[in-house]
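Residue numbers (the numbering used here), protein chains in the order written: chain C, 19 to 353; chain W, 19 to 353.
For reference, the structure discussed in these notes is given below.
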DNA sequence: GCCATCTTGTAAAACGTTTTACAAGATGTT
DNA sequence: AACATCTTGTAAAACGTTTTACAAGATGGC
């Protein structure tokens, strides 16, 4: 019964027109008598009236929805990011529509299209596979504001970035200070630009002392990290920089199973500072990123953009920091 | 420009009425000439027409959306569950709207209301704090199908359950077979019914041999598990059943820091079989639940219910299994 | 050659809001 | 007394679809 109550019913009960009801219920009814306002609100209460979402959106052309595309929900990095988005979005009465794309280009395109159809007011894309083709064909013609995260965009727009280059540099500096010279960096083959920035930051620092890190290819999952342990072992390096924590945790497990002790024989440093890093043995040294805050800022920027499509673009750079735990230590002087 | 193209434009270009366009584009146009069908489709292509979501939903009274409420996205258990839901939902052209409630009753109520306003076609609630009050006041009057997961419901309805009691029993059986007699069970104070089922299953098995497990209260997070280590240590038990893996992992870390070795001095068994369990040291013995499949089944059930509101209720019970790894072992014969 | 029946299409109502433009009466100003 | 200006309210258009009911012409049976 309650599901069928419409604005007309409220108007009838309150003895006013639908216009009046609409105005008052939307906070634009100061110009009406206090009694009228009260009558309308009473009627709403009694009937349990709640405005029809679709009808309302049809005329306002807004859904108060922001789409969020992430590659992998099981990665704690992205769930923290999402939490930041959701929290901030709620402040502005927006709701995030979260979709996992599994780093699958087709799925991603599908979901972008879905979000366009649903007239999402804006989209936060934090997914590697997105092509500029998709953006040009789907997002731009529909004038949907978007924020690309975790990767580059040649297109101008709002940006919320992390100082990835500095992150890579910090990792390198830490290893160098511990006396490591022969090191490896573990990263996926198809590296997004943010990953590449970590890489260049890391290498630049080693280049200063005339060293060149070796590269080990691996997907960004614990399984892949585990499998790469053997390659790492044969490389004979004294330290490894894993481009994310998931990989690092897998790698440590793999080394342990291969009887290589961390950090005695090989130091391991990760990236992201996910919660689990503090619960593995040895506890993972890593680079901390303000992920939650990134989510907050991304949502804020996007909502601002939605409200003011023509404001000048904003750009934000968030800092990273080194978290020293137990998976790195001074290199044994043995060669 | 493309954002503004409407069905009327398509009709004009194709030289037919909007009715014709609507029919053909919705796959109900067999009765039109092949040429007409082709003309309409061509026009759609050329104009890049995509139907307005809100207008369509306004008349069809459906959003092809299912709401999903989860307590904690950072818990791998729930992200697997969500992945199952999303995958299955896509098959039926539905989109999940995922919201994290953080075990906060107010937030939960808010979001249920939000979902009702948005005329979600159904809701999967996997959140502990939900009150029957919320259900009675918001869901039932609006005739929105819902599935309560991870907890009991006194209300009748579709159910997809895990054999939680058996899970608890398996954990107990395993410990008993290893010779453990003095054991503890770690669980939160406000236990949902599924947790209670694990508890009773576990205790029932110990009761058979005349033993009564001690209870240690702890939230279901790694931090809480870590903090509880001290209590566990003082209890003098030889094994602990942690009611989920997150806690178990935290507990193991806490014990390690307190110089209690696992499994030599204390065996630990978890519950859920999250991915990380295989990467901690020692690898975590646990109870595996078919989480992804649960998501799939829940989505399937809900969509069926949406399409056939009056079909008889269905009920499904999925099995659990014991995963023996390295955090449990035979009790040292020392007393 | 007449009537019934397909075939192919359309006009118009309906979905439930928001918003624009207007109206009637009350009040104030000169 | 005449006119402008508030105040309080409303009628109607608009948003972009889907669907129902109907219409005109073609076909076929007798």
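Quick reminder that beta carbons are idealized off the backbone N, C-alpha and C, glycines included.
Terminal residues of the beta strand (DSSP E) in which residue i lies
i	result
residue 85 of chain C	83-88
residue 189 of chain C	It is not in any beta strand (DSSP E) - residue 189 of chain C instead sits in the alpha helix (DSSP H) that spans 182-195.
residue 233 of chain C	232-235
residue 306 of chain C	304-306
residue 113 of chain W	113-118
residue 164 of chain W	164-166
Residue environment, residue i, which counts as buried when at least 16 other CB atoms sit within 10 Å
i	result
residue 19 of chain W	No answer about residue 19 of chain W holds up, because its pLDDT of 41 lies below 50 and its placement is not dependable.
residue 49 of chain W	exposed
residue 227 of chain W	exposed
residue 208 of chain W	exposed
residue 304 of chain C	buried
residue 345 of chain C	buried
residue 325 of chain C	exposed
residue 151 of chain C	exposed
residue 315 of chain W	buried
residue 225 of chain C	exposed
residue 327 of chain W	exposed
Extent of the continuous alpha helix (DSSP H) run through residue i
i	result
residue 249 of chain W	240-253
residue 286 of chain W	Here residue 286 of chain W belongs to no alpha helix (DSSP H); instead the beta strand (DSSP E) covers 285-287.
residue 220 of chain W	211-226
residue 274 of chain C	263-275
residue 26 of chain W	25-32
residue 299 of chain C	Run containing residue 299 of chain C: none; DSSP gives neither H nor E here.
residue 127 of chain C	123-135
residue 43 of chain W	36-43
CB contact check: residue i to chain W, cutoff 8 Å
i	result
residue 100 of chain C	yes
residue 115 of chain C	yes
residue 236 of chain C	no
residue 71 of chain C	yes
residue 261 of chain C	no
residue 366 of chain C	The structure shown does not extend to residue 366 of chain C, since chain C is modelled only from 19 through 353, so no value can be given for it.
residue 345 of chain C	no
residue 124 of chain C	no
residue 64 of chain C	no
residue 107 of chain C	no
residue 293 of chain C	yes
residue 30 of chain C	no
residue 331 of chain C	no
residue 342 of chain C	no
residue 150 of chain C	no
residue 371 of chain C	Within the shown structure, residues of chain C are numbered from 19 to 353, placing residue 371 of chain C beyond reach of any answer.
residue 285 of chain C	no
Which residues DSSP lists as bridging residue i, in chain order
i	result
residue 140 of chain W	W/84
residue 340 of chain W	W/305
residue 201 of chain W	W/257
residue 334 of chain C	C/178
residue 355 of chain W	Shown here, chain W extends from 19 to 353; a query on residue 355 of chain W therefore has no answer.
Proximity test, Cβ basis, 8 Å: residue i and chain C
i	result
residue 317 of chain W	no
residue 25 of chain W	no
residue 246 of chain W	no
residue 119 of chain W	no
residue 197 of chain W	no
residue 20 of chain W	Unreliable placement is indicated for residue 20 of chain W, whose pLDDT of 42 sits below 50; no coordinate value is reported for it.
residue 43 of chain W	no
residue 208 of chain W	no
residue 11 of chain W	Residue 11 of chain W lies beyond the range of chain W shown here (19 to 353); nothing can be said about it.
residue 280 of chain W	no
residue 266 of chain W	no
residue 144 of chain W	no
residue 139 of chain W	no
residue 273 of chain W	no
residue 76 of chain W	yes
Taking only runs of the beta strand (DSSP E) that begin and end inside the stretch 54-109 of chain C, which ones reach a length of at least 3 residues, in chain order?
-> The stretch 54-109 of chain C contains these whole beta strand (DSSP E) runs: 83-88.
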